[in-house]
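Asks:
Written out as structure tokens, the structure reads:
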């Protein structure tokens, strides 16, 4: 897939205020500081499209980016950042879960996992929740350039082994590096294949 255009469309905290669900959407989510914004910018060849920050937890909105005038990347707030109030965290979680479970055009949730780390319980629990809700998801292991590929492969394998306790079939997974553009073509090809089967949903009121 060749990325010709990538444009910011809107930010929201209300699922009802999102763009019409008439094009396929791919949500990106992970723990704070997992490298989500850098990954999105790498995938679309547009530095600064998704705002990066040295302060974890900055993204607090559902951000829509229109790609090639035909599909959306959706940047969701990170989870698991402790230095926010309980009220704020619960509010984020509520609208994130509402988006994921109610958005008719959502095709896949990309769960970003820091490849430098052994399996983290919060990541596993989020994947379990997606499975319970029967939400299609894939795994993206980030920051593969930060250590040797042996460490990356070991941690990715350990995470998938942990998932296998709950899932009969492990979802698709990708090893990536925003700095080296590793995994870019694989992720975009996956999206392109899913787009081919997209059927415009019949919209309903929430």
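Residue numbers (the working numbering): 6 to 211.
C-beta: ideal position from N, C-alpha, C; glycine also.
Please read all numbers here as calculations on a predicted model, not as lab measurements.
#1: When you compare the stretch 102-114 with the stretch 31-45, are there three or more beta-carbon pairs, one atom per stretch, that lie closer than 8 angstroms?
#2: Please work out which residues of its chain come closer than 7 angstroms, Cβ to Cβ, to residue 211, disregarding the five sequence neighbours upstream and downstream, and give them in chain order.
#3: Please name the residue in 207, 193 and 144 whose C-alpha comes closest to that of residue 132.
#4: Using the C-alpha atoms, what's the distance from residue 163 back to residue 170?
#5: Output yes or no for whether 9 angstroms exceeds the beta carbon distance between residue 51 and residue 11.
#6: Tell me which residues share the same chain as residue 206 and place their Cβ nearer than 7 angstroms to its Cβ, disregarding the 5 neighbours each side in the sequence.
#7: Am I right that residue 140 and residue 69 are in contact with their C-beta atoms under 8 angstroms? What's the rounded C-beta distance?
#8: Short of 6 angstroms in beta carbon distance, which residues of its chain neighbour residue 6, apart from the five on each side in sequence? Order them along the chain.
#9: Residue 59 by DSSP, collapsed to three states: which one?
#10: Run the CB neighbour count on residue 40, radius 10 Å, all protein chains shown included, and call it buried at 16 or more, exposed below.
#11: Could you tell me if residue 46 is buried or exposed, where buried requires 16 or more neighbouring beta carbons within 10 angstroms of its beta carbon?
#12: Using only CA atoms, which one of 165, 123, 65 and 77 lies nearest to residue 49?
#13: I believe residue 178 touches residue 189 by the beta-carbon criterion, under 8 angstroms. Please report the beta-carbon distance rounded to the nearest angstrom.
#14: Consult DSSP for residue 36 and reduce its assignment to one of helix, strand or coil.
#15: Comparing alpha-carbon positions, which option in 75, 8, 79 and 153 lies nearest residue 201?
#16: Are residue 160 and residue 129 closer than 9 angstroms when you measure CB to CB?
#17: Spatial neighbours of residue 176 within its chain, please: CB distance less than 7 angstroms, with the 5 preceding and 5 following residues excluded, ordered by chain position.
Replies: To lay it out plainly:
#1: yes
#2: With a pLDDT of 45 at residue 211, under the threshold of 50, the modelled position of this residue cannot be trusted; read the value that follows with caution. The residues are 20, 21 and 107.
#3: 144
#4: Looking at the two C-alpha atoms, the distance is approximately 12 angstroms.
#5: yes
#6: 26, 109 and 110
#7: No, residue 140 and residue 69 are not in contact; Cβ-Cβ is about 18 angstroms, not under 8 angstroms.
#8: 193 and 197
#9: Note that residue 59 scores 49 on pLDDT, short of 50, meaning its location in the model is unreliable; the coordinates nonetheless yield the value given after this. Coil.
#10: With at least 16 other beta carbons inside 10 angstroms of its own, residue 40 counts as buried.
#11: Per the 10 Å Cβ criterion, buried.
#12: 77
#13: Distance from residue 178 to residue 189 at the Cβ level is roughly 15 angstroms; contact not present, criterion being Cβ atoms closer than 8 angstroms.
#14: Strand.
#15: 75
#16: Result no, Cβ atoms of residue 160 and residue 129 do not sit closer than 9 angstroms.
#17: 142, 143 and 144
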